[in-house]
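What follows is a short report on a single structure.
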Amino acid sequence: MNSLVMTSIEQGLIFAVLSIGVFITYKVLDIADLSVEGTFPMGAFVFAKLISMGVDPITSTLSAFFFGTLAGLMTATLFIKLKIQPLLAGILTMTTLYSVNLRINGRANIPLFNYDSIYNIGPAIIVLMIIVLIIKIGLDEFLKTEIGYLLLATGDNETLVKSLGVNSNKYKVIGLMLANGFVGLSGALMAQMQGFADITMGSSIIVVALASIIIGDTIKKSSNKLKGTTRAILGAISYKIIGGIAIDLGLSPTDLKAISAIIVIVFIAYNNFSSELLGSKKAKGGKEHVTDKATI
Amino acid sequence: MLQIKQLSKTFNRGTENEIRVFDKFNLKIEANKCTAIIGPNGCGKSTLLNIIGGSIMSDAGEIHLNGKNIAQLKEEERAIYIGRVYQDPSMGVSPSLTILENMSLADKKGEKFSLKRLIKKKEIDRYIELLKSLDLGLENKLNTKVKYLSGGQRQSLSLIMAAMKHPDLLLLDEHTAALDPKTSNVIMKKTKELIDKYAITTIMISHNMKDAIDYSDRIIMLDEGKIVLDKPSVEVTERELIEIYRKKLEFQIISA
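If you read the sequences in order, they're chains A and B. For what it's worth, the working numbering labels the leading residue of the first sequence as 47, then goes sequentially. For what it's worth, the working numbering labels the leading residue of the second sequence as 373, then goes sequentially.
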């Protein structure tokens, strides 16, 4: 297989884990969580720290997930307990994590070439496909449970969740923790793939994740069969392949971020514009209770 | 039975926008009856419903539902005893989920949510029977997302979901106000059938005086946080209610 396509798919699978995490906050909970920009490098730095201490790659990678959930808990605490707007709560976590990440190893860039990685188990693409598949099936199954449906309903209509005798905040905490856990895991997978952990690797990662989700949403748009997790995975892989082709055609890798931003801008503007054209205003008094989401 | 004792509520206390809505307000609502609360805008009827439902906390007073004081319980804690249907048909449902998923969630109300599957095949026939009673064909749309239903269909589903666990109290918050007159009539009839069938104690807020008279057992009119009329519905005429509104309006014009 063409090495460019192969690399794009491998990186796409890593970004699929990231996108599934952001899917939980952005699509399920309807929260724009920016803490992922700090959680992604944190996953990489936690892995770097543990692997350099002699911990095995699997435990080090799983620890990145665990520390990611703690970052999600911090955002959830700021948002729910301290009543800080979710956007600002995410920014505050992200800012805090910048210092924390530098503290973990004491440096901004940690080479990992001399250490074992999870990709030593087998071909990287197979290892990543297995990881992504486990996460996808696990999350899909979780979302079919009673608790999973409460998570879905919390983002859709919090009033309904309260009317069921349930504290909806609990499910925001679960969602934010799970989401940041996946983002941390994705950061650890990326660090092992590129052979280093870097403090800047989380920069604008939220836009990459959103672009992936948005591309995923456009695939067979009207199909109810395609689950949100599948869309996030396909979107992330497509995003990386498109990016790979763009670079192959002579575009600078630094231009990719602008392209991601443009994809997000155009899609959201298109959605806003088309709903105005159709005159489908939200129901009176509906406010945030009514959201129009793609298949979950 | 619902009993409200010495209820007080003031908004924006200590500011120039201070509004005292209730001051030592008392009310007793009989069990298994439908009580309609009417009154002009700002009379306190929505605040009263929100205080009973727990979305607004009172400053003082007690709210006894079947002997239990629920005034200090959080909204989600008292929701176990209370069903509520809102003016906006989307507020009582999860629009992105299907009818079946919504009903399955409502069926778990007040129970512990676990990692078991939500959709239980053995319950589906019961949901179909409930939906059939609405006579809107919703039983054939179990896997349709609620956001694709009409406002009337959505509100009917909200009503079924609010009543299916037979709450101690049902709050109807102008639940037909956002619907067209024909659909509104259908929903009111279904509401009455449900209330009678399950003998649910109900408080209904309405701006429609005819509906209030036709579908309730008792009418209470509020004005500035006080009861200005309290009669069995059979003894009230629409003209009488309009007359009270007219006098109030004249008084306001003269005062201005």
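Each residue gets a CB set at the ideal place from its N, CA and C atoms; glycine is no exception.
Just to check my reading of the structure: residue i and residue j have Cβ atoms closer than 8 Å, yes? What is that Cβ distance to the nearest angstrom?
i: Thr-684/B; j: Ile-428/B; result: Outside the displayed range of chain B (373 to 628) lies residue 684/B, so it cannot be described from this structure.
i: Ala-307/A; j: Val-253/A; result: 5 Å
i: Ala-110/A; j: Thr-121/A; result: That pair is no contact at about 17 Å.
i: Thr-219/A; j: Ile-97/A; result: In the sequence as displayed, the identity of residue 219/A is Val instead of Thr. Contact doesn't hold; Cβ gap of about 30 Å is too wide.
i: Ala-225/A; j: Ile-70/A; result: 4 Å
i: Ile-442/B; j: Tyr-453/B; result: 7 Å
Starting from residue i and walking both ways along the beta strand (DSSP E), at which residues does that stretch end?
i: Val-600/B; result: 598-604
i: Glu-434/B; result: 432-437
i: Pro-157/A; result: 155-157
i: Arg-149/A; result: Not the beta strand (DSSP E): Arg-149/A falls in the alpha helix (DSSP H), residues 132-151.
i: Leu-594/B; result: 590-595
i: Lys-400/B; result: 391-401
i: Asp-545/B; result: 541-545
i: Ser-522/B; result: First-last for Ser-522/B: undefined, no H or E at that position.
i: Lys-381/B; result: 374-383
i: Met-576/B; result: 573-577
Can you give me the C-alpha to C-alpha distance between residue i and residue j, rounded to a whole angstrom?
i: Ser-163/A; j: Gly-84/A; result: 22 Å
i: Asn-512/B; j: Ser-556/B; result: 22 Å
i: Ser-326/A; j: Lys-266/A; result: Residue placement at Ser-326/A is flagged as unreliable, the pLDDT there being 49, under the threshold of 50; the coordinate-derived value follows with that caveat. Going from the Cα of Ser-326/A to the Cα of Lys-266/A covers about 22 Å.
i: Thr-200/A; j: Asn-317/A; result: 23 Å
i: Phe-91/A; j: Leu-231/A; result: 11 Å
i: Ser-269/A; j: Ile-55/A; result: 24 Å
i: Leu-566/B; j: Ala-535/B; result: 8 Å
i: Leu-143/A; j: Ile-311/A; result: 27 Å
i: Ala-117/A; j: Leu-64/A; result: 15 Å
i: Val-600/B; j: Gln-378/B; result: 17 Å
i: Ala-408/B; j: Arg-590/B; result: 6 Å
i: Phe-485/B; j: Ile-614/B; result: 48 Å
i: Ala-257/A; j: Ile-309/A; result: 6 Å
i: Glu-388/B; j: Gly-416/B; result: 19 Å
i: Gly-332/A; j: Glu-204/A; result: The predicted model places Gly-332/A with a pLDDT of 35, which falls under 50 and marks its position as unreliable; any figure quoted below should be read in that light. The alpha-carbon atoms of Gly-332/A and Glu-204/A are separated by roughly 12 Å.
i: Ile-575/B; j: Ile-150/A; result: 59 Å
i: Gly-283/A; j: Met-52/A; result: One detail in the question is off: residue 283/A reads as Ile in this sequence, not Gly. Computed Cα separation, rounded: 11 Å.
i: Thr-139/A; j: Ala-78/A; result: 13 Å
i: Ile-616/B; j: Glu-596/B; result: 14 Å
i: Ile-305/A; j: Leu-510/B; result: 45 Å
i: Phe-93/A; j: Asn-213/A; result: 35 Å
i: Asn-413/B; j: Ile-251/A; result: 49 Å
i: Phe-188/A; j: Leu-502/B; result: 28 Å
i: Ala-582/B; j: Lys-554/B; result: The amino acid occupying residue 582/B in the given sequence is Lys; Ala does not appear at that position. Approximately 14 Å between the Cα atoms of the pair.
i: Thr-609/B; j: Tyr-195/A; result: 47 Å
i: Leu-158/A; j: Asn-147/A; result: 16 Å
i: Arg-489/B; j: Leu-437/B; result: 33 Å
i: Leu-235/A; j: Asn-474/B; result: 38 Å
i: Gly-58/A; j: Gly-289/A; result: 10 Å
i: Ile-261/A; j: Gly-281/A; result: 5 Å
i: Lys-440/B; j: Gln-375/B; result: 10 Å
i: Lys-303/A; j: Ile-137/A; result: 19 Å
i: Arg-611/B; j: Phe-397/B; result: 27 Å
i: Gln-459/B; j: Ile-577/B; result: 10 Å
i: Glu-546/B; j: Met-463/B; result: 13 Å
Where do the ends of the alpha helix (DSSP H) carrying residue i lie?
i: Gly-296/A; result: Unbroken run through Gly-296/A: none, as it is neither H nor E.
i: Ile-559/B; result: 553-570
i: Thr-85/A; result: 82-98
i: Ala-122/A; result: 103-122
i: Asp-244/A; result: Run containing Asp-244/A: none in the alpha helix (DSSP H); it sits in the beta strand (DSSP E), 242-244.
i: Ala-408/B; result: Segment 406-410 is the beta strand (DSSP E) holding Ala-408/B; no alpha helix (DSSP H) there.
i: Met-52/A; result: 49-69
i: Thr-419/B; result: 417-425
i: Tyr-79/A; result: The residue you asked about is not Tyr; residue 79/A is Asp in the sequence shown. Asp-79/A -> no alpha helix (DSSP H), and no H or E assigned at all.
i: Ala-257/A; result: 251-264
i: Asp-586/B; result: 581-587
Under 7 Å from any heavy atom of the ligand COA, does the C-beta of residue i make it?
i: Met-560/B; result: This structure lacks the ligand COA, and indeed carries no ligand of any kind.
Can you confirm whether residue i, when its beta carbon is compared against all beta carbons of chain C, has any partner nearer than 8 Å?
i: Ala-122/A; result: Given the protein chain composition of this structure (A and B), no chain C is represented.
Contact residues within the region 207-236 of chain A, judged by C-beta distance below 7 Å to chain B
For the region 207-236 of chain A, which is checked against every Cβ of chain B, the residues closer than 7 Å are Lys-208, Ser-209, Leu-210, Gly-211, Val-212, Asn-213.
Short of 9 Å Cβ to Cβ, which residues in the region 248-275 of chain A face chain B?
Taking 9 Å as the Cβ-Cβ cut-off against chain B, the residues of the region 248-275 of chain A that qualify are Asn-270.
Completely contained alpha helix (DSSP H) runs for the region 164-208 of chain A, where each covers 4 or more residues
Within the region 164-208 of chain A, the complete alpha helix (DSSP H) runs of at least 4 residues are 170-188, 192-202.
Extract the residue ranges of the beta strand (DSSP E) inside the region 450-519 of chain B, only unbroken runs of 3 or more that lie entirely within it.
If we require 3 residues or more, the beta strand (DSSP E) runs fully inside the region 450-519 of chain B come out as 454-457.
At a CB distance below 9 Å, what residues from the region 459-486 of chain B approach chain A? Give them in sequence order.
Of all residues in the region 459-486 of chain B, Gln-459, Asp-460, Pro-461, Ser-462, Met-463, Gly-464, Val-465, Ser-466, Pro-467, Ser-468, Leu-469, Glu-473, Asn-474, Ser-476, Leu-477, Ala-478, Lys-480, Lys-481, Gly-482, Glu-483, Lys-484, Phe-485, Ser-486 have a Cβ within less than 9 Å of some Cβ in chain A.
Give me the subset of the region 294-314 of chain A whose CB atoms are less than 9 Å from a CB atom of chain B, sorted by chain position.
Residues of the region 294-314 of chain A that bring their beta carbon within less than 9 Å of a beta carbon in chain B are absent altogether.
At a CB distance below 7 Å, what residues from the region 165-193 of chain A approach chain B? Give them in sequence order.
For the region 165-193 of chain A, the beta-carbon criterion of a distance under 7 Å to any beta-carbon of chain B is satisfied by Lys-190, Thr-191, Glu-192, Ile-193.
Beta carbons nearer than 9 Å to chain B: which residues of the region 90-112 of chain A have them?
Residues passing the 9 Å Cβ filter: none.
Give the residues from the region 48-77 of chain A that approach chain B closer than 9 Å (Cβ to any Cβ), ordered along the chain.
The residues in question: there are none.
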